[in-house]
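*Asks:* Quick one: structure below, then a few questions.
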Amino acid sequence: MPIYVIDKPITLHILTQLRDKNTDQINFRKNLVRLGRIIGYEIANTLDYDIVEVETPLGIRTKGINITDLNNIVIINILRAAVPFVEGLLKAFPAARQGVVGASRAEVEYDSIPKEMSITIYYKKIPKSKSQKD
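So, in structure tokens, the structure goes:
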């Protein structure tokens, strides 16, 4: 799976606000929604599309694009922390199907510094792909 680094100034600005211990809960949540939406738009840049021709309300024919994958997007929400982030992604991809994973982490500390972490998945509801029958 390819890894994409999104280092545009607005995303770095939002990330800085998220990391700031002085950011209150309301602004933290708002910034997570904003970041999710921006990242959704960045993800859209990687989707396949076709060139199409449409007619405008003025009767003029013009070319545009039709993103072919929009109906195949599934967004998986990791419960609690990702809820506002997923809200932003859904604003970018309103037709996306949504799944949910409930997970908790257990960190092992040595001298008060986390050294190891294990994840326990206690709930999982992921929609089947459109090619799979329900």
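With the sequence shown counted from 1, adding 31 to any position gets you my numbering.
All C-beta atoms, glycine included, are put in the ideal place defined by N, C-alpha and C.
#1: Do you know how far the Cα of residue 126 is from the Cα of residue 84?
#2: Leaving out the 5 sequence neighbours to the left and right, which residues in its chain are closer than 8 Å to residue 110 when beta-carbon positions are compared?
#3: DSSP three-state call for residue 103: helix, strand or coil?
#4: Just verifying my parser: in three-state terms, what is the DSSP assignment at residue 76?
#5: Assign residue 97 to one of three DSSP states: helix, strand, or coil.
#6: Go ahead and pull the three-state DSSP assignment for residue 111.
#7: Rounded to a whole number of angstroms, what is the C-alpha to C-alpha distance between residue 87 and residue 53?
#8: If you follow the alpha helix (DSSP H) that residue 87 is in, where does it begin and where does it stop?
#9: Classify residue 98 as buried or exposed, calling it buried when 16 or more other Cβ atoms lie within 10 Å of its own Cβ.
#10: Less than 8 Å separating the beta-carbons of residue 137 and residue 72?
#11: If I measure Cβ to Cβ from residue 128 and keep anything under 6 Å in the same chain, skipping five residues before and after, which residues do I get?
*Replies:* Looking at the coordinates:
#1: Here residue 84 refers to the residue found at position 53 when the sequence shown is read from its first residue. Here residue 126 refers to the residue found at position 95 when the sequence shown is read from its first residue. Between residue 84 and residue 126, the C-alpha separation is close to 23 Å.
#2: Here residue 110 is taken as the residue at index 79 of the sequence shown, counted from 1. Here the set comprises 131, 132, 133, 134 and 154.
#3: Position 72 of the sequence shown, counted from the first residue, corresponds to residue 103. DSSP places residue 103 in helix when its eight states are reduced to three.
#4: Sequence index remark: in the sequence shown, residue 76 carries index 45 (1-based). Coil at residue 76, not helix or strand.
#5: Locating residue 97 in the sequence shown gives position 66, where the first residue counts as 1. Here residue 97 sits in strand by DSSP.
#6: Position 80 of the sequence shown, counted from the first residue, corresponds to residue 111. Three-state result, residue 111: coil.
#7: On the sequence shown, residue 87 is found 56 positions in, with the first residue counted as 1. On the sequence shown, residue 53 is found 22 positions in, with the first residue counted as 1. Rounded to whole angstroms, residue 87 to residue 53 spans 49 Å at the Cα level.
#8: Numbered from 1 along the sequence shown, position 56 holds the residue referred to as residue 87. Unbroken run through residue 87: none, as it is neither H nor E.
#9: For the purposes of this step, residue 98 is identified with residue 67 of the sequence shown, where counting begins at 1. Label assigned to residue 98: exposed.
#10: In the sequence shown, counting from the first residue as 1, residue 137 sits at position 106. In the sequence shown, counting from the first residue as 1, residue 72 sits at position 41. Going by C-beta atoms, residue 137 is not nearer than 8 Å to residue 72.
#11: Within the sequence shown, the letter at position 97 stands for residue 128. 105 and 158, listed in sequence order.
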